[in-house]
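Trainee: This is the structure I have questions about; it appears just below.
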Amino acid sequence: MPSLQKFHANVARHVKSMDKNLTANLIRHEYIVTTRTKAKRVQAKAETFLADALHRNDKIAQDQPINSKIVANRALNFLQPPDKFEVGSKIIQELAPRYQQRRSGFTRIIKLEPRLGEDKAPMSVIELVDSEYEIKFWYTAKIVARLELQGLKVDDITQLNVQKLTKFRPEGEKEFAAAVETCKVEFFKYDPETQQVTDPEALKNLENLPVNLEYYGGDLSGSLVASKRFKTQPRPEKEQAEIPVSPFVAK
Amino acid sequence: MSLSLRLGGSFLNEALLGWVPRLTLGLGASKTSGIARDSRLDDLKKQIEANNGQPPFMIDNGTILRAAPKKKMSHRRHRTKLYTPGDKQMHPLNNIVRCPACGHVKRSHFMCMHCFAEIRTFLKGKKRENGLIKDVENPQSDLDPVDERILYPGKFVQEDERMLQKKEWIPVREEPLMYNSKQTKHIKR
């Protein structure tokens, strides 16, 4: 009887080709939505592959044409042969300058709700960090845009997230500020000319405030990122001790 | 089989046969006997009083009707019910929080699907602008309407086909509720 499922997760060569295909598509599309198991499995492979490929790319002489760079980079042989030149050129041209300061941690997994199908499989997004299409970047920008429209200050956790997202991104803070402005227009129907939110639905949505406003610029700001386990207090500043002048020093 | 037999036990019968007549007289005596009184007897007293001293319909042969199993539960059934993993019920979600980006409910540590859908649509548009997603244009999209009618004469679509074309069979995620802290369960530690 013919089998419906031709591709098995417990056949080694199928798993290998799945890893290669998912890695190639992750690099091609910057983020992909898959089931959680696949995302977790491909994350390890993609991280190793990218680290190796970028490391070898640094060692290769930079003054040669792109095709000879791809041929010289042995790490790219992990990819399927038809993907090698397309994905390899993207790694060398786009990812190498983007990840100059990183040696690992090129990907991120975000957990999603289960799939709306028969199988209810837990889904997740796997994405490349510092990308233009990074979902967490835009989500955080949306949070900041909403808080700005509500006239609240940014809370600790969001501040921490913003700092993490913009740390290694080239011109990160500038890009983030631009993204916040885009989010206001895109998601909250904000009119930059009149500086008003025009849409009544968006206005109604903005009425939903956080539960405890003390975290948003109030007394409790700064308390969330402090460690609850080790109740540390900032060390008091040292008093300037006056050293008496030595009698042996010639006046 | 008479009901009294099904509701089984000579003990029950005797006990309740004694109880019911006394109920009309008064229930004060039962407290002196030192046995904890069944709360249903109080209900029975009210029912008898409301029914002009007559026993209600549910009284038969001096017993109170109760749900009774029709058959003895088999050994296997009994043990399956008791000892298989009991974690079969739907559990309430206790990890519901407010999405800081849209104010709807979401599960903590999970992406808000409302925001995710918005952001994904936005990013797809952005990719389209940057030329990463190329839409293939139908080569016959600018056909003359007369030509189109000749080349592709209208096909009669059956009712079921039309329903399928509406794509209502595709599951769609519901619009999430706005977060309200009064409606969520707070775990006290």
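Residue numbers (the UniProt record's numbering), protein chains in the order written: chain A, 1 to 251; chain B, 1 to 189.
Don't be surprised by glycine CBs; every beta carbon is placed ideally from N, CA and C.
Treat the numbers as computed from the prediction; the structure is a model and nothing was measured.
(1) Please classify GLN165 (chain B): does DSSP put it in a helix, a strand, or coil?
(2) From B:LYS70, B:LYS71, B:GLY103 and B:THR84, pick the residue whose C-alpha is nearest to that of GLU175 (chain B); which is it?
(3) Whose CA, out of A:GLY172, A:LEU206 and A:VAL42, lies closest to the CA of LYS184 (chain A)?
(4) Would you identify the three-state DSSP class for THR198 (chain A), choosing helix, strand or coil?
(5) Return helix, strand or coil for LYS111 (chain A), following the three-state DSSP convention.
(6) If the cut-off is 9 Å on Cβ atoms, which residues from the stretch 106-123 of chain B count as contacting chain A, listed in chain order?
(7) Counting only Cβ-Cβ distances shorter than 8 Å, please list the residues of the stretch 94-117 of chain A near chain B, keeping chain order.
(8) Could you tell me whether the stretch 110-117 of chain B touches the stretch 82-102 of chain B, where touching means 3 or more Cβ pairs closer than 8 Å?
(9) Quick check: is the beta carbon of ARG173 (chain B) nearer than 7 Å to any beta carbon in chain A?
(10) If you check the beta carbons only, do ASN67 (chain A) and ASN57 (chain A) fall under 7 Å apart?
(11) Run through DSSP, which three-state label would SER17 (chain A) get?
(12) Taking all protein chains shown into account, do 16 or more other C-beta atoms lie within 10 angstroms of the C-beta of ARG98 (chain A), making it buried, or fewer, making it exposed?
(13) When you compare each of A:GLU242, A:LEU152 and A:PHE106 to ALA53 (chain A) by their alpha carbons, which one comes out closest?
(14) Distance check for ALA179 (chain A) and LYS136 (chain A), CA to CA, integer angstroms please.
(15) When burial is assigned at 16 or more other CB atoms within 10 Å of the CB, is ILE133 (chain B) buried or exposed?
(16) Could you tell me if LYS6 (chain A) is buried or exposed, where buried requires 16 or more neighbouring beta carbons within 10 angstroms of its beta carbon?
(17) CB ILE110 (chain A) to CB VAL129 (chain A), shorter than 7 Å?
(18) Just mark PHE142 (chain B) as buried or exposed, buried being the case when its beta carbon has 16 or more other beta carbons within 10 Å.
(19) Chain A beta carbons: is any one of them nearer than 7 Å to that of MET178 (chain B)?
(20) If the cut-off is 9 Å on Cβ atoms, which residues from the stretch 148-172 of chain A count as contacting chain B, listed in chain order?
(21) Of all Cβ atoms in chain B, is any one closer than 7 Å to the Cβ of ARG146 (chain A)?
(22) Under a Cβ-count criterion, where at least 16 other Cβ atoms within 10 Å of its own Cβ denotes burial, should THR198 (chain A) be classed as buried or exposed?
(23) Please list, in chain order, the residues of the stretch 80-101 of chain B that have any C-beta partner in chain A closer than 8 Å.
(24) What separation, rounded to the nearest whole angstrom, lies between the Cα atoms of ARG37 (chain B) and LYS46 (chain B)?
(25) Which residues in chain B have a C-beta closer than 9 Å to the C-beta of VAL211 (chain A)? List them in chain order.
(26) What does LYS45 (chain B) touch in chain A if you count any residue whose Cβ is under 7 Å from its own?
(27) Could you pull out every unbroken alpha helix (DSSP H) segment of at least 4 residues lying fully inside the stretch 49-89 of chain A, listed in chain order?
(28) Quick check on the DSSP output: the beta strand (DSSP E) that includes LEU128 (chain A) runs from which residue to which?
(29) How would you list, in chain order, the residues of chain A whose beta-carbon sits under 9 Å from the beta-carbon of GLY103 (chain B)?
(30) Could you tell me whether the stretch 79-93 of chain A touches the stretch 80-98 of chain B, using the rule of 3 or more Cβ pairs below 8 Å?
(31) With the cut-off set at 7 Å, would you say LEU160 (chain A) and PRO171 (chain B) are in Cβ contact?
(32) Which residues in chain A have a C-beta closer than 9 Å to the C-beta of LYS126 (chain B)? List them in chain order.
(33) Between which two residues does the alpha helix (DSSP H) holding THR182 (chain A) run?
(34) Relative to the C-alpha of ALA226 (chain A), which residue among A:SER3, A:ILE70 and A:ASP156 is closest?
(35) Which of the three DSSP states is assigned to VAL211 (chain A) in this structure?
(36) Can you round the beta-carbon distance between ALA75 (chain A) and PHE49 (chain A) to whole angstroms, since I take them to be within the 8 Å contact cut?
Mentor: According to the structure data:
(1) helix
(2) B:GLY103
(3) Looking at the Cα atoms, A:LEU206 is the closest of the given residues.
(4) Of the three classes helix, strand and coil, the one that applies to THR198 (chain A) here is coil, per DSSP.
(5) strand
(6) LYS106, ARG107, HIS109, PHE110, MET111, CYS112, MET113, CYS115, PHE116, GLU118, ILE119, ARG120, PHE122 and LEU123
(7) ILE110, LYS111, LEU112, GLU113, LEU116 and GLY117
(8) yes
(9) Using a CB distance cut-off of 7 Å, ARG173 (chain B) counts as an interface residue toward chain A.
(10) no
(11) helix
(12) buried
(13) Comparing Cα-Cα distances from ALA53 (chain A) to each of A:GLU242, A:LEU152 and A:PHE106, the minimum goes to A:PHE106.
(14) 12 Å
(15) exposed
(16) LYS6 (chain A) comes out exposed.
(17) no
(18) Per the sequence shown, residue 142 (chain B) should be read as Asp rather than Phe. Exposed: under 16 other Cβ atoms inside 10 Å.
(19) yes
(20) Answer set for the stretch 148-172 of chain A: ASP155, ILE157 and THR158.
(21) yes
(22) exposed
(23) ARG98, PRO100 and ALA101
(24) 15 Å
(25) The contacting residues are ARG98, TYR179 and SER181.
(26) Chain A residues near LYS45 (chain B): none, gap ~50 Å exceeds 7 Å.
(27) 66-72
(28) Taken as a continuous stretch (DSSP letters only), the beta strand (DSSP E) holding LEU128 (chain A) covers 123-128.
(29) ARG146, ASN205, LEU206, GLU207, ASN208, LEU209 and PRO210
(30) Cβ pair count under 8 Å is below three, so no.
(31) no
(32) GLU132 and TYR133
(33) 172-188
(34) Looking at A:SER3, A:ILE70 and A:ASP156, the one whose alpha-carbon comes closest to that of ALA226 (chain A) is A:ASP156.
(35) coil
(36) At roughly 7 Å, the Cβ-Cβ gap stays under 8 Å, so ALA75 (chain A) and PHE49 (chain A) are in contact.
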